[in-house]
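*Asks:*
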Amino acid sequence: MSTPFYVSPQQAMADRAEYARKGIARGRSLVVLQYADGIVFVGENPSRALHKFSEIYDRIGFAAAGKYNEYENLRIGGVRYADLRGYTYDRDDVTARGLANVYAQTLGTIFSSAGEKPYEVELVVAEVGATAAGDQIYRLPHDGSIVDEHGSVAVGGNAEQISTFLDQRHRDGMTLAEALKLAVQALSSQANGADKAIPAERLEVAVLDRTRAQQRKFKRIRGRQLARLLEADVPAAAQADAVSNDEAPEDDAE
Amino acid sequence: MEANNRGTGRLPAAFLTPGSSSFMDFLGAHSPEMLPGNRKLPEGVVEAPHGTTIVAATFPGGVVLAGDRRATMGNMIAQRDIEKVFPADEYSAVGIAGTAGLAVEMVKLFQLELEHFEKVEGTTLSLEGKANRLSTMIRSNLGMAMQGLAVVPLFAGYDEAKEKGRIFSYDVTGGRSEEHGYAATGSGSIFARGSMKKLFRPDLTEEQATTLVVQALYDAADDDSATGGPDLYRHIYPIVTVITDEGFRRLTDEESQELARAVTNRRLEQPDGPRAALL
Numbered sequence: 211m212s213t214p215f216y217v218s219p220q221q222a223m224a225d226r227a228e229y230a231r232k233g234i235a236r237g238r239s240l241v242v243l244q245y246a247d248g249i250v251f252v253g254e255n256p257s258r259a260l261h262k263f264s265e266i267y268d269r270i271g272f273a274a275a276g277k278y279n280e281y282e283n284l285r286i287g288g289v290r291y292a293d294l295r296g297y298t299y300d301r302d303d304v305t306a307r308g309l310a311n312v313y314a315q316t317l318g319t320i321f322s323s324a325g326e327k328p329y330e331v332e333l334v335v336a337e338v339g340a341t342a343a344g345d346q347i348y349r350l351p352h353d354g355s356i357v358d359e360h361g362s363v364a365v366g367g368n369a370e371q372i373s374t375f376l377d378q379r380h381r382d383g384m385t386l387a388e389a390l391k392l393a394v395q396a397l398s399s400q401a402n403g404a405d406k407a408i409p410a411e412r413l414e415v416a417v418l419d420r421t422r423a424q425q426r427k428f429k430r431i432r433g434r435q436l437a438r439l440l441e442a443d444v445p446a447a448a449q450a451d452a453v454s455n456d457e458a459p460e461d462d463a464e
Numbered sequence: 002m003e004a005n006n007r008g009t010g011r012l013p014a015a016f017l018t019p020g021s022s023s024f025m026d027f028l029g030a031h032s033p034e035m036l037p038g039n040r041k042l043p044e045g046v047v048e049a050p051h052g053t054t055i056v057a058a059t060f061p062g063g064v065v066l067a068g069d070r071r072a073t074m075g076n077m078i079a080q081r082d083i084e085k086v087f088p089a090d091e092y093s094a095v096g097i098a099g100t101a102g103l104a105v106e107m108v109k110l111f112q113l114e115l116e117h118f119e120k121v122e123g124t125t126l127s128l129e130g131k132a133n134r135l136s137t138m139i140r141s142n143l144g145m146a147m148q149g150l151a152v153v154p155l156f157a158g159y160d161e162a163k164e165k166g167r168i169f170s171y172d173v174t175g176g177r178s179e180e181h182g183y184a185a186t187g188s189g190s191i192f193a194r195g196s197m198k199k200l201f202r203p204d205l206t207e208e209q210a211t212t213l214v215v216q217a218l219y220d221a222a223d224d225d226s227a228t229g230g231p232d233l234y235r236h237i238y239p240i241v242t243v244i245t246d247e248g249f250r251r252l253t254d255e256e257s258q259e260l261a262r263a264v265t266n267r268r269l270e271q272p273d274g275p276r277a278a279l280l
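Chains as they are written, first to last, in our numbering: chain A, 211 to 464; chain B, 2 to 280.
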């Protein structure tokens, strides 16, 4: 009779975590930054149809790195959760904190149940407030922990390096063009020091814009508007420079 | 029913099961008791506030949808400033005559249905698709309609593919028909329709179209006791909405006040309103 090998719980968890981390690292990284009027999501995404960022509810956006089918599943679960909650109570009762909790429980249960394969995803749930102080950004790693972030956050393979880069350069009250440029710069810097340029058509950009008149604040930025923002003459890591331009009136690209 | 009430706080399996992009389908599978059509009906007839007249008219480039503000219960005025016209999404609106409570709930569910589809699929439904969805919802309400709790909406939107405004009207069984030019629903609709029949032209400007619907609502209020005219004393004016390729827009209180006052002032001189040429 064969005796099953003993694997310590620590080892089992470490193995699962490594499995998930490796899966996430295969995907491209993405960043989420606060800017003066809201929160901007930036990532490299060659696909026009399979999004990394999307709207969950009026003021809540979702970003994910890792395995597409797994985070798409979580995204739709989140939309269902938010819509059901808003229908049951009120639209104001749907919050990023509530959603982040549900995601954390879901990811955590999957991660620690031996019968299930851990999800190879890392999520960001962000909610834009009435003022910058009210903005909330939550990062949810594969194991279901929640990290309450401020200013900037990066998830995906290169996250640590990109985070360090952003932490040094991000400041409060950046314009959208400044924040976008900084994000692109962060995503293009490579570990080995050699930067690779990301062309505009490979960028996926979305914002939660608190100045938007509609109740739903999520908006994708693409085409002409994206090009205009990228071309806007902003000193990239402008610290002392005065605000040089507000972006031109936005044409709705939705 | 709350989303995370099942012990672990984890999203219930139903939330993560691949399925249709319809919120109503999801609700039907997950908590069917929340769907208005699935409720058990008590015996007897319930009396509840009713909304009355909704009118709509197209003009080149868009469509106007408007409603009066009165809700009645029997011969009593239940509410003077009820809202019966709502945006359904960015390019469409729905106005509702019938049992007010159910109507408002139906609108809420309809708005959510369109938004849910848009978020899940990443694209909006066609105008035709939206109109059909509303049809299904009215059909599911037939049981209550039989007990006197009918909801009869008017749906109007800007069709981005066809680049024009379109109007759909419904009956209590969910029967749907596209209306050309103008349409009205509710108890004052006969009078409103008569009014629009004489005033409507296919080449109206947006401003003329908004005036047209206010004239029609005035005529409906003139002859139907359940429809309220502009209440100048309390500053309650009809709700007028315009949908064009720029999306849904509700006239501000000042704009609808100005419209209603202009119409009312002319009626001081000519109580029956503008006259159409006799041949």
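Ideal Cβ positions, reconstructed from N, Cα and C, are used throughout, including at glycine.
Since the model is a prediction, treat every value here as computed from it, not as a measurement.
Chain A beta carbons: is any one of them nearer than 8 angstroms to that of B:VAL121?
*Replies:* Counted from its first residue, the second sequence places residue 121 of chain B at position 120. Yes, contact with chain A.
*Asks:* For the structure I just gave you, are there three or more beta carbon pairs, one from the region 272–291 of chain A and one from the region 11–20 of chain B, closer than 8 angstroms?
*Replies:* As far as the Cβ criterion goes, the region 272–291 of chain A touches the region 11–20 of chain B, which means the pair count is three or higher.
*Asks:* Could you tell me if B:ARG70 is buried or exposed, where buried requires 16 or more neighbouring beta carbons within 10 angstroms of its beta carbon?
*Replies:* Translated into the one-based positions of the second sequence, residue 70 of chain B becomes position 69. B:ARG70 comes out buried.
*Asks:* Just to confirm my understanding: we take A:VAL217, look at its own chain, exclude 5 residues before and 5 after, and list those with CB closer than 6 angstroms. What are they?
*Replies:* As a first step, residue 217 of chain A must be located in the first sequence, where it is residue number 7. Excluding positions up to five away in sequence, the list is empty.
*Asks:* Run down chain A in chain order and give the residues with a C-beta less than 8 angstroms from the C-beta of B:GLY10.
*Replies:* As a working mapping, residue 10 of chain B is identified with position 9 in the second sequence. Within chain A, the residues near B:GLY10 are ASN311, VAL312 and GLN315.
*Asks:* Near B:ALA331, what residues of its chain come up, given a Cβ to Cβ distance below 6 angstroms and the 5 sequence neighbours on each side ignored?
*Replies:* This structure cannot speak to residue 331 of chain B, because chain B is shown only from 2 to 280.
*Asks:* Mind checking which residues open and close the alpha helix (DSSP H) that includes A:TYR297?
*Replies:* Against the first sequence, residue 297 of chain A aligns to sequence position 87. Residues 278–298.
*Asks:* Mapping DSSP to helix, strand and coil, what is A:SER264?
*Replies:* Locating residue 264 of chain A in the first sequence gives position 54, where the first residue counts as 1. Looking at A:SER264 - three-state DSSP - the assignment turns out to be strand.
*Asks:* Would a check of beta-carbon distances place A:ARG290 closer than 8 angstroms to chain B?
*Replies:* Here residue 290 of chain A is taken as the residue at index 80 of the first sequence, counted from 1. Closer than 8 angstroms to some Cβ of chain B, the Cβ of A:ARG290 qualifies, so yes.
*Asks:* Taking contact to mean 3 or more Cβ pairs, one atom from each stretch, closer than 8 angstroms, check whether the region 164–171 of chain B and the region 58–68 of chain B are in contact.
*Replies:* In short, these stretches touch, since the Cβ pair count reaches three.
*Asks:* Could you check what DSSP says for A:ALA222 in three-state terms: helix, strand or coil?
*Replies:* To locate residue 222 of chain A, count along the first sequence from 1; it is residue 12. It is helical.
*Asks:* Would you list, in chain order, the members of the region 104–121 of chain B that have their beta-carbon closer than 9 angstroms to a beta-carbon of chain A?
*Replies:* Listed by position, the residues of the region 104–121 of chain B near chain A (Cβ gap below 9 angstroms) are LYS109, LEU110, LEU113, GLU116, HIS117, GLU119, LYS120 and VAL121.
*Asks:* Give me the DSSP bridge partner(s) of B:PRO154.
*Replies:* If you number the second sequence from 1, residue 154 of chain B lands on position 153. The partner list for B:PRO154 (beta bridge, DSSP) reads B:ILE97.
*Asks:* Could you tell me which uninterrupted beta strand (DSSP E) segments, each at least 3 residues in length, are contained entirely in the region 356–430 of chain A, listed from first to last along the chain?
*Replies:* Qualifying beta strand (DSSP E) stretches, in chain order: 357–359, 362–365 and 413–419.
*Asks:* Using only CA atoms, which one of A:ASP302, A:ALA343, A:LEU284 and A:ALA310 lies nearest to A:GLU330?
*Replies:* Looking up residue 330 of chain A in the first sequence gives position 120. Looking at the Cα atoms, A:LEU284 is the closest of the given residues.
*Asks:* Out of B:ASP223, B:THR245, B:PRO239 and B:SER190, state which residue places its alpha-carbon closest to the alpha-carbon of B:ARG268.
*Replies:* As a working note, residue 268 of chain B is residue 267 in the second sequence. For the residues B:ASP223, B:THR245, B:PRO239 and B:SER190, the minimum Cα distance to B:ARG268 belongs to B:ASP223.
*Asks:* If you measure from the beta carbon of A:GLY287 to each beta carbon in chain B, is any gap under 8 angstroms?
*Replies:* For the purposes of this step, residue 287 of chain A is taken as the residue at position 77 of the first sequence. Closer than 8 angstroms to some Cβ of chain B, the Cβ of A:GLY287 qualifies, so yes.
*Asks:* Provide the residue span of the beta strand (DSSP E) that contains B:MET77, from first to last.
*Replies:* Taking the second sequence and counting its residues from 1, one reaches residue 77 of chain B at position 76. Here the beta strand (DSSP E) through B:MET77 covers 77–80.
*Asks:* Enumerated in chain order, which unbroken segments of the beta strand (DSSP E) with a length of 3 residues or greater are wholly contained in the region 181–268 of chain B?
*Replies:* List check, beta strand (DSSP E) in window: 183–186, 240–245 and 248–251.
*Asks:* Among residues of its own chain, excluding the 5 on either side of A:GLU228, which ones have a beta-carbon nearer than 8 angstroms to its beta-carbon?
*Replies:* Within the first sequence, the letter at position 18 stands for residue 228 of chain A. No residues qualify anywhere along the chain.
*Asks:* What in chain B is Cβ-close to A:SER264, meaning under 8 angstroms?
*Replies:* As a first step, residue 264 of chain A is located in the first sequence; it is residue number 54 there, counting from the start. Within 8 angstroms Cβ-Cβ: LYS120 and GLY123.
*Asks:* Can you round the beta-carbon distance between A:ALA396 and A:LEU376 to whole angstroms, since I take them to be within the 8 angstroms contact cut?
*Replies:* The residue labelled residue 396 of chain A in the question sits at position 186 within the first sequence. The residue labelled residue 376 of chain A in the question sits at position 166 within the first sequence. Their Cβ separation, rounded to whole angstroms, is 5 angstroms, which keeps A:ALA396 and A:LEU376 in contact under 8 angstroms.
*Asks:* Between which two residues does the beta strand (DSSP E) holding A:PHE215 run?
*Replies:* Walking along the first sequence from the start, residue 215 of chain A turns up at place 5. From DSSP, A:PHE215 is part of no beta strand (DSSP E); its letter is neither H nor E.
*Asks:* Which of the three DSSP states is assigned to A:THR305 in this structure?
*Replies:* On the first sequence, residue 305 of chain A is found 95 positions in, with the first residue counted as 1. Three-state DSSP puts A:THR305 in coil, outside helix and strand.
*Asks:* In terms of residue numbering, what span does the alpha helix (DSSP H) encompassing A:ALA433 cover?
*Replies:* Walking along the first sequence from the start, residue 433 of chain A turns up at place 223. The sequence shown places Gly at residue 433 of chain A, rather than the Ala named in the question. Note, A:GLY433: alpha helix (DSSP H), 433–441.
*Asks:* Enumerate in chain order the residues of its own chain whose CB-to-CB distance from B:GLY45 is below 8 angstroms, with the five nearest sequence positions on each side excluded.
*Replies:* In the second sequence, counting from the first residue as 1, residue 45 of chain B sits at position 44. The residues are GLN148.
*Asks:* Spell out the partners DSSP gives B:ASP90 in its beta bridges.
*Replies:* The sequence position of residue 90 of chain B within the second sequence is 89, counting from 1. B:SER93.
*Asks:* Can you pull the chain A residues whose beta carbon is under 7 angstroms from the beta carbon of B:LEU17, in chain order?
*Replies:* For the purposes of this step, residue 17 of chain B is taken as residue 16 along the second sequence, with counting starting at 1. Ordered by position in chain A, the residues that pass the 7 angstroms Cβ test against B:LEU17 are ASN283 and GLY287.
*Asks:* Taking B:THR125 as part of the alpha helix (DSSP H), name the residues at either end of that continuous run.
*Replies:* Taking the second sequence and counting its residues from 1, one reaches residue 125 of chain B at position 124. It is not in any alpha helix (DSSP H) - B:THR125 carries neither H nor E in the DSSP assignment.
*Asks:* How big is the Cα-Cα spacing for B:GLY86 and A:GLN435?
*Replies:* Locating residue 86 of chain B in the second sequence gives position 85, where the first residue counts as 1. Locating residue 435 of chain A in the first sequence gives position 225, where the first residue counts as 1. Looking at the sequence provided, one finds Val at residue 86 of chain B rather than Gly. Approximately 34 angstroms, taken between the alpha carbons.
*Asks:* What is the rounded straight-line gap between the Cα of A:LEU317 and the Cα of A:ASN368?
*Replies:* Translated into the one-based positions of the first sequence, residue 317 of chain A becomes position 107. Translated into the one-based positions of the first sequence, residue 368 of chain A becomes position 158. In a straight line, the C-alpha of A:LEU317 is about 21 angstroms away from that of A:ASN368.
*Asks:* Excluding the 5 residues preceding and the 5 following A:ALA463 in the sequence, name in chain order all residues of the same chain whose CB lies nearer than 7 angstroms to its CB.
*Replies:* Position 253 of the first sequence holds residue 463 of chain A. At A:ALA463, the pLDDT of 40 sits below 50, so the modelled position is not reliable; the number obtained from the coordinates is stated separately. Closer than 7 angstroms at Cβ, skipping near neighbours: ARG430, ILE431, ARG432, GLY433 and GLN435.
*Asks:* Report the residues of the region 230–262 of chain A with a CB closer than 8 angstroms to any CB of chain B, ordered along the chain.
*Replies:* Hits within the stretch, in order: ALA259 and HIS261.
*Asks:* Where do the N-terminal and C-terminal ends of the beta strand (DSSP E) with B:ALA58 fall, by residue?
*Replies:* Position 57 of the second sequence, counted from the start, is the residue given in the question as residue 58 of chain B. Note, B:ALA58: beta strand (DSSP E), 55–60.
*Asks:* Mind reading off the beta-carbon distance from B:GLY96 to B:GLY68? Whole number of angstroms is fine, and I expect it under 8 angstroms.
*Replies:* For the purposes of this step, residue 96 of chain B is identified with residue 95 of the second sequence, where counting begins at 1. For the purposes of this step, residue 68 of chain B is identified with residue 67 of the second sequence, where counting begins at 1. About 5 angstroms; that satisfies the 8 angstroms criterion.
*Asks:* Counting only C-beta atoms, is B:PHE27 closer than 8 angstroms to chain A at any point?
*Replies:* For the purposes of this step, residue 27 of chain B is taken as residue 26 along the second sequence, with counting starting at 1. B:PHE27 counts as touching chain A.
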